[in-house]
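Colleague:
Protein chains: 2
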Amino acid sequence: MKVKRIVVGENLFAKNDEIAEENKVILKKHGIFSINIMGGPGSGKTSILEKTVATLMDMNIACGVIEGDIAGMFDSERISVLNVPVVQINTGGACHLEAMMIKKGIENLPLADIRIMFVENVGNLVCPAEFKLGIDCNITVANITEGEEKPAKYPLMYSISDVVLINKIDLMPTVEFDVDRFNAYLKEIKKDIKIIPVSAKTGKNIEHFVKYIVEHISE
Amino acid sequence: MKVKRIVVGENLFAKNDEIAEENKVILKKHGIFSINIMGGPGSGKTSILEKTVATLMDMNIACGVIEGDIAGMFDSERISVLNVPVVQINTGGACHLEAMMIKKGIENLPLADIRIMFVENVGNLVCPAEFKLGIDCNITVANITEGEEKPAKYPLMYSISDVVLINKIDLMPTVEFDVDRFNAYLKEIKKDIKIIPVSAKTGKNIEHFVKYIVEHISE
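Heads up: the sequence lines are chains D and L, in that order.
Quick note on our numbering: the first sequence kicks off at 474 and runs consecutively.
Quick note on our numbering: the second sequence kicks off at 474 and runs consecutively.
Pasting the structure below:
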């Protein structure tokens with residue numbers, strides 16, 4: 474008799490990719506541009522989201538947000554103050570978001586009313602990069618307190634990203650950080666990646682990130 | 474016929490726990506106290522290790538180090554300068570160390586010559602907490618640029634830790650960080666956890682961490 478082979482990992486990824494594709498179709502149907510924000514714990518993902526969403530709202534561009542965390546409502550509570558629809562997903566231990574979680578999130582957002590959907594992934598520079606979500610654009614938030622060699626130490630995350638935001642540049646006078654060295658490591662992983670240094674605290678250069686987003690809405 | 478049930482996840486964990494137990498036995502046999510250092514990317518694990526190992530060497534306490542990274546030799550090169558035996562484990566994508574990797578590491582260390590074995594885990598506040606390694610003491614490195622609510626957002630990591638080092642206190646004048654709020658979140662997760670605020674950069678309070686280690690060698 475022929476042996477039946479089940480490769481658990483591959484099977485799981487195939488199912489995930491299928492749902493990711495469904496998410497993509499739904500979002501496209503509603504003309505929504507979607508952005509997946511990833512990065513280590515405390516890199517400043519939520520703070521960047523706050524400033525970015527506020528700026529887009531001022532431009533009358535409606536946003537929706539899916540917040541991914543293992544536990545707690547900290548981030549969704551911060552974002553909901555901005556008066557945008559937010560769905561909090563608690564993974565209950567899982568170290569990343571999967572396409573099925575995004576599907577649930579999408580079902581709970583008023584899709585007809587929004588132009589841009591942000592996803593804030595679980596704070597983790599490794600695992601979120603392994604799961605397709607069906608999102609248009611991947612962002613990694615680095616920050617200058619992490620050190621310059623992170624792109625070389627977490628290559629997958631940086632290789633799947635379209636944009637890297639180097640956050641906390643307001644700490645430049647105090648924290649030693651060699652931007653050229655960081656950029657060199659990054660370009661080794663991905664040549665054509667867009668790099669925007671920002672400060673979520675002061676708002677510096679957030680307008681460059683917003684410009685990037687706005688240019689992509691109509692695509 | 475009775476159905477045979479294979480629960481893949483549980484099976485993997487059981488095998489891991491078995492090897493972790495073997496690691497524990499080997500280390501105990503050699504009278505080695507072992508420490509597993511965990512924390513997010515760029516929290517300062519390697520810098521703390523550098524200062525701690527240097528101090529222990531000055532006290533004539535021999536150390537060995539296992540460095541865990543997805544890719545690269547950055548951390549092991551930094552530690553090897555101190556003239557201690559170091560083994561670099563590259564997980565090749567995996568987001569955490571497992572007991573089998575530690576076993577391989579142990580086999581490559583001169584066990585008869587060392588009193589303390591440090592393990593630096595992959596930079597990740599989630600997954601490393603899920604895998605037993607057979608190590609005596611778990612340390613989580615937090616840092617003040619991450620924000621105060623991290624223990625509530627990454628509860629498993631903090632709940633399995635014996636000591637939390639709050640790093641980068643040299644940035645206190647510049648970075649807003651409410652130590653009491655951090656401690657309150659932490660104590661909700663684990664009441665009896667030991668908290669040591671440190672600066673790997675200036676070396677401040679590293680002696681308190683060293684004191685903790687030295688007190689536990691003879692146990």
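Yeah, the Cβ is synthetic: ideal placement off N, Cα and C, and Gly gets one too.
From a predicted model like this one, the values you see are computed outputs, not experimental measurements.
Check the Cβ of L/Phe547 against every Cβ in chain D and list those closer than 8 Å, keeping chain order.
Modeller: By one-based count along the second sequence, residue 547 of chain L stands at place 74. The answer, in chain order, is Glu622, Ala625, Lys626.
Colleague: If we define contact as Cβ-Cβ less than 8 Å, is D/Ala487 a contact residue for chain L?
Modeller: As a position in the first sequence, residue 487 of chain D is number 14, starting the count at 1. Not an interface residue.
Colleague: Which residues in chain D sit within 9 Å of L/Ser677, going by Cβ to Cβ distance?
Modeller: For the purposes of this step, residue 677 of chain L is taken as the residue at position 204 of the second sequence. Per the sequence presented here, residue 677 of chain L reads as Lys, with Ser not at that position. Near L/Lys677 there are no residues of chain D at all, since even the closest Cβ is about 15 Å away, more than 9 Å.
Colleague: Under 8 Å by Cβ, that's how I've got D/Leu629 and D/Asn594 pegged, so tell me the actual separation to the nearest angstrom.
Modeller: Position 156 of the first sequence, counting from 1, holds the residue named residue 629 of chain D. Position 121 of the first sequence, counting from 1, holds the residue named residue 594 of chain D. Not confirmed; about 14 Å, so no contact.
Colleague: Can you list, in chain order, the residues of its chain with a C-beta nearer than 7 Å to that of L/Asn496? Leave out the 5 residues immediately preceding and following it.
Modeller: Position 23 of the second sequence, counting from 1, holds the residue named residue 496 of chain L. Here the set comprises Ala572, Ile575, Lys576, Ile579, Leu606, Gly607.
Colleague: Quick one: which chain D residues come within Cβ less than 8 Å of L/Gly515?
Modeller: Position 42 of the second sequence, counted from the first residue, corresponds to residue 515 of chain L. The contacting residues are Gly513, Asn616, Thr618, Glu619, Gly620, Lys623.
Colleague: Looking only at its chain, what residues have a beta carbon closer than 6 Å to the beta carbon of L/Asp635, apart from the 5 residues adjacent to it on each side?
Modeller: Stepping through the second sequence from its first residue, residue 635 of chain L is reached at position 162. So the qualifying residues of the chain are Cys610, Asn611.
Colleague: Once you ignore the five residues that flank L/Ile492 on each side, which residues in its own chain have a CB closer than 7 Å to its CB?
Modeller: Position 19 of the second sequence holds residue 492 of chain L. For L/Ile492, where only same-chain residues beyond five positions count, the Cβ hits under 7 Å are Ala572, Met573, Lys576.
Colleague: For the region 644-677 of chain D, which residues have a CB atom closer than 8 Å to at least one CB atom of chain L, in sequence order?
Modeller: Leu644, Thr647, Val648
Colleague: Taking 8 Å as the threshold (C-beta atoms), are D/Gly596 and D/Gly517 in contact?
Modeller: The count along the first sequence starts at 1 and reaches residue 517 of chain D at position 44. The count along the first sequence starts at 1 and reaches residue 596 of chain D at position 123. The answer is no: Cβ separation not under 8 Å.
Colleague: Between which two residues does the beta strand (DSSP E) holding D/Met645 run?
Modeller: Residue mapping note: residue 645 of chain D aligns to position 172 of the first sequence, counting from 1. It is not in any beta strand (DSSP E) - D/Met645 carries neither H nor E in the DSSP assignment.
Colleague: Quick one: residues in its chain with C-beta nearer than 6 Å to the C-beta of D/Pro624, no 5 flanking neighbours on either side, listed in chain order?
Modeller: As a working note, residue 624 of chain D is residue 151 in the first sequence. Taking D/Pro624 as the centre and dropping the five residues before and after it, the same chain places the C-beta of Tyr631, Tyr658, Leu659, Ile662 closer than 6 Å to its C-beta, in chain order.
Colleague: Give the single residue among D/Met546, D/Leu522, D/Phe547, D/Val648 whose Cα lies nearest to the Cα of D/Val592.
Modeller: Here residue 592 of chain D is taken as the residue at index 119 of the first sequence, counted from 1. Comparing Cα positions, the closest option is D/Leu522.
Colleague: Please tell me whether L/Cys568 has its Cβ less than 8 Å away from any Cβ of chain D.
Modeller: By one-based count along the second sequence, residue 568 of chain L stands at place 95. Judged by the 8 Å Cβ criterion, L/Cys568 is in contact with chain D.
Colleague: If we ignore side chains and look at the alpha-carbon of each, how far apart do D/Phe604 and D/Asn489 end up?
Modeller: Indexing the first sequence from 1 puts residue 604 of chain D at position 131. Indexing the first sequence from 1 puts residue 489 of chain D at position 16. Cα to Cα, the separation comes out at about 7 Å.
Colleague: Nearest by alpha-carbon distance to L/Gly515: which of L/Ile669, L/Pro646, L/Asn640 is it?
Modeller: Your numbering for residue 515 of chain L matches position 42 in the second sequence. For the residues L/Ile669, L/Pro646, L/Asn640, the minimum Cα distance to L/Gly515 belongs to L/Asn640.
Colleague: Report the residues of the region 584-601 of chain L with a CB closer than 9 Å to any CB of chain D, ordered along the chain.
Modeller: Val595, Gly596, Asn597, Leu598, Val599, Cys600
Colleague: Which term fits D/Ala487, buried or exposed, when burial requires 16 or more other beta carbons within 10 angstroms of its beta carbon?
Modeller: The residue labelled residue 487 of chain D in the question sits at position 14 within the first sequence. Exposed, since its Cβ has fewer than 16 Cβ neighbours within 10 Å.
Colleague: Do L/Ile508 and L/Ile589 count as a contact pair if the criterion is CB distance below 8 Å?
Modeller: If you number the second sequence from 1, residue 589 of chain L lands on position 116. If you number the second sequence from 1, residue 508 of chain L lands on position 35. The answer is yes: Cβ separation under 8 Å.
Colleague: Please classify D/Glu619: is it buried, with 16 or more other beta-carbons within 10 angstroms of its beta-carbon, or exposed?
Modeller: If you number the first sequence from 1, residue 619 of chain D lands on position 146. Under this definition D/Glu619 is a buried residue.
Colleague: Just how far apart, CA to CA, sit D/Asp643 and L/Gly537?
Modeller: What you label residue 643 of chain D is simply residue 170 of the first sequence in a count that begins at 1. What you label residue 537 of chain L is simply residue 64 of the second sequence in a count that begins at 1. One C-alpha to the other measures close to 38 Å.
Colleague: Is there a Cβ from chain L that is less than 8 Å from the Cβ of D/Leu638?
Modeller: The count along the first sequence starts at 1 and reaches residue 638 of chain D at position 165. For D/Leu638, the answer is no, since every Cβ of chain L falls outside 8 Å of its Cβ.
Colleague: Got a sec: is the Cβ-Cβ distance from L/Leu629 to anything in chain D below 8 Å?
Modeller: Counted from its first residue, the second sequence places residue 629 of chain L at position 156. True, the Cβ-Cβ gap to chain D drops below 8 Å.
Colleague: Go through its chain and collect everything with a Cβ distance to D/Ile534's Cβ below 8 Å, but skip five positions before and after it.
Modeller: Looking up residue 534 of chain D in the first sequence gives position 61. Counting only Cβ-Cβ distances below 8 Å, and skipping sequence neighbours, we find Arg588, Ile589, Val687, Ile690.
Colleague: Am I right that L/Lys749 and L/Ser520 are in contact with their C-beta atoms under 8 Å? What's the rounded C-beta distance?
Modeller: No answer is possible for residue 749 of chain L: the residues shown for chain L start at 474 and end at 692.
Colleague: Going by beta carbon distance, what residues of the same chain come within less than 8 Å of D/Ile669, once the five residues before and after it are set aside?
Modeller: Here residue 669 of chain D refers to the residue found at position 196 when the first sequence is read from its first residue. Same-chain partners within the cutoff: Val636, Val637, Leu638, Ile639, Asn678, His681, Phe682, Tyr685.
Colleague: Run through the region 562-639 of chain D for me and flag every whole alpha helix (DSSP H) of 4 or more residues, listed as ranges in chain order.
Modeller: 572-580, 623-626, 628-632
Colleague: L/Asp542: buried (16+ other C-beta within 10 angstroms of its C-beta) or exposed?
Modeller: Working through the second sequence from its first residue, we reach residue 542 of chain L at position 69. So L/Asp542 counts as buried.
Colleague: In chain order, what residues of the same chain lie with their CB nearer than 6 Å to the CB of D/Leu598, ignoring the 5 residues before and after it?
Modeller: To locate residue 598 of chain D, count along the first sequence from 1; it is residue 125. Gly513, Tyr627, Met630.
Colleague: Tell me the DSSP secondary structure of D/Val652 in three-state form.
Modeller: Within the first sequence, the letter at position 179 stands for residue 652 of chain D. Helix, per DSSP.
Colleague: What are the uninterrupted segments assigned as beta strand (DSSP E) that are 3 or more residues long and contained completely in the region 486-556 of chain D, given in chain order?
Modeller: 506-512, 536-542
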